[in-house]
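Protein chains in written order, with the working numbering: chain A, 209 to 545; chain B, 72 to 178.
Structure (structure tokens):
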């Protein structure tokens, strides 16, 4: 019967769709740990899934359909995580072709088949150590095979993809802009940072959590600043904050983009319009690397570094809940479904 | 003019002073240079400074919360297992340092 076939097809489509994304709509927070990723439900603030994974998690990339999260670990593995099934479905190693590579900086290309990494490489030949030149390279997500590369100065530690992947920003001592549109990758511009006394540890940028704005803090001798990179336009807003610098590893934007939250030993609220600090509270559990915020802006999550995740009320800055995680952590990412 | 704290007394010492006439300083103590604050991706440990004059003197508290992040990534191979080369799987035994530190084994 035609109507039966139609009903069964519709049912199959619904079931496939349910399997591909988490059952309940809302926020999921992904605690990036060691040998594990833990999933926290944004409504109940409870751990709802454990995802075993090989290695120390570092950087992630979210596919455009929000069905898969690519997770870089141990600075040379890339795992594909199915966010519906909460499990690793594929793994590649970028150390291949006789080279031992270390990847500091990882972004997905919009084509869905490739990614870019910033690599340091080494190998031995007849007992001699050969050190490769530092490069930013495009590689296949299915095999880890490098497709093309461009030499960059030493010290690149983070990549941000802008203008639909047509340009890659490589953050190191300076900011290097790489044009990806030709047959070869081309370093087209260097924006000085080192000579301006800017120091940054740009391991955290929260680009997809912020809705397409990468947020990274930096320091000079006198002040803390924020670099906000608009991924669509490639524009960079440099916000110099007034007052004694707040020490922070990472900074995330509030959903209304009027405030930002910074974290290290303290949770600090930043007024982006007035370019100053609004409030700061110590984190009782100690230093945290990662910070995130619920999509309604009502709760702030801090965690990583050590093995705790603390949920704060964004209005009062009072802790609401402390979760003991299975491992220490590197970061905390939010994905809305 | 700044008063000299050491004076040449004999002929040999005066000859050395003449050799040094017009010489400009070639080195500068790091402590006198303006240094930015915070952690760094730059392979230069002197670059990492902390503006706080009081506790915590280090950048992280407790330092154990910084252990796994520093192994490999932050380049303190004397203090941490070198997670990039020699101890690549140490986090398997110690995913939570505060709980698992007894499993740490250094060569």
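We put the CB at the ideal spot given by N, CA and C, even for glycine.
Per DSSP, the bridge partner or partners of residue i
i	result
residue 408 of chain A	A:426
residue 314 of chain A	A:325
residue 509 of chain A	A:500, A:519
residue 545 of chain A	In the DSSP output, where bridge partners are listed per residue, residue 545 of chain A has none listed.
residue 346 of chain A	A:324, A:356
residue 539 of chain A	A:240
residue 367 of chain A	A:378
residue 261 of chain A	According to DSSP, which records beta bridges pairwise, residue 261 of chain A is partnered with nothing at all.
residue 330 of chain A	A:308, A:339
residue 285 of chain A	A:281, A:301
residue 269 of chain A	A:278
C-alpha distance - residue i paired with residue j, whole-angstrom precision
i	j	result
residue 79 of chain B	residue 377 of chain A	58 Å
residue 223 of chain A	residue 265 of chain A	With a pLDDT of only 47 at residue 223 of chain A, under the threshold of 50, the placement of this residue in the model should not be trusted; the figure read from the coordinates follows. Whole-angstrom Cα-Cα distance: 31 Å.
residue 340 of chain A	residue 412 of chain A	26 Å
residue 316 of chain A	residue 267 of chain A	11 Å
residue 92 of chain B	residue 394 of chain A	50 Å
residue 464 of chain A	residue 505 of chain A	8 Å
residue 536 of chain A	residue 95 of chain B	51 Å
residue 481 of chain A	residue 468 of chain A	10 Å
residue 244 of chain A	residue 259 of chain A	6 Å
residue 295 of chain A	residue 542 of chain A	17 Å
residue 512 of chain A	residue 300 of chain A	25 Å
residue 253 of chain A	residue 235 of chain A	10 Å
residue 140 of chain B	residue 82 of chain B	60 Å
residue 302 of chain A	residue 538 of chain A	21 Å
residue 430 of chain A	residue 446 of chain A	15 Å
residue 448 of chain A	residue 304 of chain A	42 Å
residue 363 of chain A	residue 381 of chain A	6 Å
residue 138 of chain B	residue 326 of chain A	24 Å
residue 435 of chain A	residue 77 of chain B	51 Å
residue 502 of chain A	residue 419 of chain A	13 Å
residue 338 of chain A	residue 156 of chain B	15 Å
residue 269 of chain A	residue 98 of chain B	45 Å
residue 239 of chain A	residue 334 of chain A	43 Å
residue 174 of chain B	residue 533 of chain A	19 Å
residue 545 of chain A	residue 403 of chain A	43 Å
Partner residues on chain B for residue i, Cβ-Cβ distance less than 7 Å
i	result
residue 352 of chain A	None at all; the shortest Cβ gap to chain B is about 17 Å.
residue 538 of chain A	140
residue 497 of chain A	140
Under 7 Å by beta carbon: chain A residues contacting residue i
i	result
residue 155 of chain B	283, 310
residue 133 of chain B	494
Same chain, Cβ closer than 6 Å to residue i, neighbours up to 5 away in sequence not counted
i	result
residue 115 of chain B	Residue confidence for residue 115 of chain B is low, a pLDDT of 49 falling below 50, so the modelled location carries little weight; the figure read from the coordinates is stated next. Result list for residue 115 of chain B: empty, nothing under 6 Å.
residue 366 of chain A	313, 379, 410
residue 256 of chain A	247, 249
residue 306 of chain A	331
residue 486 of chain A	477, 479
residue 437 of chain A	368, 422, 444
residue 489 of chain A	475, 525
residue 508 of chain A	469, 501, 520, 522
Contacts that residue i makes with chain B (C-beta to C-beta distance below 9 Å)
i	result
residue 242 of chain A	139, 162, 163, 165, 166, 167
residue 449 of chain A	Under the 9 Å cutoff, chain B gives no residues; its nearest Cβ is about 13 Å from residue 449 of chain A.
residue 329 of chain A	Simply none; closest approach about 12 Å.
Residue-chain proximity (residue i, chain A), Cβ-Cβ < 8 Å
i	result
residue 151 of chain B	no
residue 173 of chain B	no
residue 159 of chain B	yes
residue 136 of chain B	yes
residue 116 of chain B	Summary for residue 116 of chain B: the model assigns pLDDT 46, below 50, so the residue's position carries little reliability; its value from the coordinates is reported in the next sentence. It does not: the Cβ of residue 116 of chain B has no partner Cβ on chain A nearer than 8 Å.
Residues near residue i in its chain [Cβ-Cβ closer than 7 Å; skip 5 each side]
i	result
residue 530 of chain A	493, 516, 518
residue 375 of chain A	385, 386, 387, 388, 442
residue 455 of chain A	472, 473
residue 308 of chain A	329, 330, 331
residue 397 of chain A	385
Contact set for residue i: own chain, Cβ-Cβ below 8 Å, skip 5 residues either direction
i	result
residue 355 of chain A	322, 345, 346, 347, 348
residue 289 of chain A	245, 259, 261, 276, 277, 278, 279, 295, 296, 297
residue 407 of chain A	426, 427, 428
residue 281 of chain A	261, 262, 263, 264, 265, 266, 287
CB contact check: residue i to chain B, cutoff 8 Å
i	result
residue 424 of chain A	no
residue 531 of chain A	no
residue 502 of chain A	no
residue 264 of chain A	yes
residue 409 of chain A	yes
residue 234 of chain A	no
residue 535 of chain A	yes
residue 433 of chain A	no
residue 514 of chain A	yes
Neighbour list for residue i in chain B, Cβ cutoff strictly below 8 Å
i	result
residue 303 of chain A	Those do not exist, as residue 303 of chain A stays about 11 Å from chain B at its closest Cβ, beyond 8 Å.
Cβ-based contacts, 8 Å cut-off: residues of the segment 457–478 of chain A near chain C
The structure shown contains no chain C; its protein chains are A and B.
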